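K.L.:
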Amino acid sequence: MKTHKLKELFAPYYLGRDKDQTITSSKTSRKQKSRGCSFVVLSDLVKKGVTVFDLGCGHDTALNKLAIEDVGGTYLYADLYNQEKESNIKNIEFGLENGCDVVMINNVLNVIKEEVVRGRLLAQAKSLLKPSGLVVISIFEGTSLAHEKKSNGGSGKLIPTETKDGWQNRMKTEEYLSEIQSIFPKAKVSRVKGCSGKFIVARVS
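Residue 41 in our numbering sits at position 24 of the sequence shown, and the numbers go up by one each step.
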């Protein structure tokens, strides 16, 4: 992909905002090691010489950074709302120039209401990866409220909603698969022993 196209793809980072995202996700991050980070470590995807990019890392990167570096990997990160513009751009440009082995998207798609913004995030992830690279995506699906457990014929289907911290799609992991496959055709749902929940993973090629 040519340089001007990449700059266009990452334009929100240069502008400091995403004009298409109507509800900010600045307050949705939590101080914790992400499940995606546990997945890549437990799956032996990280070793010396492997670069992992945490796209949409949140405000606190310490635990993920420690976990990746403990097994010899290099940790890069960016978050439009929770990291400084200068460090975002520095890490993105380094990742684009050198290529990353793994890109993690941890509980990010679920806080973005607009499919066009989610699609741009996925395209950004693909552009950061080497041709042999892997994307690992974790989703917070949400939990049923009392009234939802009784609704929709007892199906307990969750309703997308704006929360005090931002937005939650409250969709099952599998419900994201088709839009992820539009960018990563080989995407599939996966699990790993020792790590709770489902993940969507895909190789670029």
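Idealized CB from N, CA, C, for every residue including glycine.
Note that this is a predicted model, so its numbers are computed, not measured.
From Asp77 to Ser222, what distance separates their C-alpha atoms?
P.N.:
In a straight line, the C-alpha of Asp77 is about 31 Å away from that of Ser222.
K.L.:
Between Gly112 and Phe70, is the Cβ-Cβ spacing less than 8 Å?
P.N.:
Contact flag set, yes.
K.L.:
What is the C-beta distance between Leu126 and Tyr193, in whole angstroms, given that I count them as a contact (C-beta under 8 Å)?
P.N.:
That pair is a contact at about 6 Å.
K.L.:
Our contact map puts Ser46 next to Gly75 with C-beta atoms below 8 Å; I'd like the distance itself, whole angstroms only.
P.N.:
About 3 Å separates the two Cβ atoms, so the contact holds.
K.L.:
If you measure between the beta carbons of Val119 and Val57, is that distance less than 8 Å?
P.N.:
Yes, the pair counts as a contact, with Cβ atoms nearer than the cut-off.
K.L.:
Should Val187 be labelled buried (16 or more other beta-carbon atoms within 10 Å of its own) or exposed?
P.N.:
The residue you asked about is not Val; residue 187 is Arg in the sequence shown. Arg187 should be labelled buried.
K.L.:
Which of helix, strand or coil does DSSP assign to Ala142?
P.N.:
Three-state DSSP puts Ala142 in a helix.
K.L.:
For Lys224, report the span of its alpha helix (DSSP H) as first-last.
P.N.:
With the chain covering 18 to 222 only, the question about residue 224 has no answer from this structure.
K.L.:
Could you give the distance in angstroms between the alpha-carbon of Pro177 and the alpha-carbon of Glu103?
P.N.:
Whole-angstrom Cα-Cα distance: 33 Å.
K.L.:
Would you kindly report the start and end of the unbroken alpha helix (DSSP H) that includes Leu194?
P.N.:
Per DSSP, Leu194 belongs to the alpha helix (DSSP H) from 194-198.
K.L.:
Count the other CB atoms within 10 Å of the CB of Asp35; is the residue buried (16 or more) or exposed (fewer)?
P.N.:
Asp35 is buried by the Cβ-count criterion.
K.L.:
List the whole-angstrom C-beta distance separating Ser144 from Arg220, where the pair is believed to meet the contact cut-off of C-beta under 8 Å.
P.N.:
Contact doesn't hold; Cβ gap of about 15 Å is too wide.
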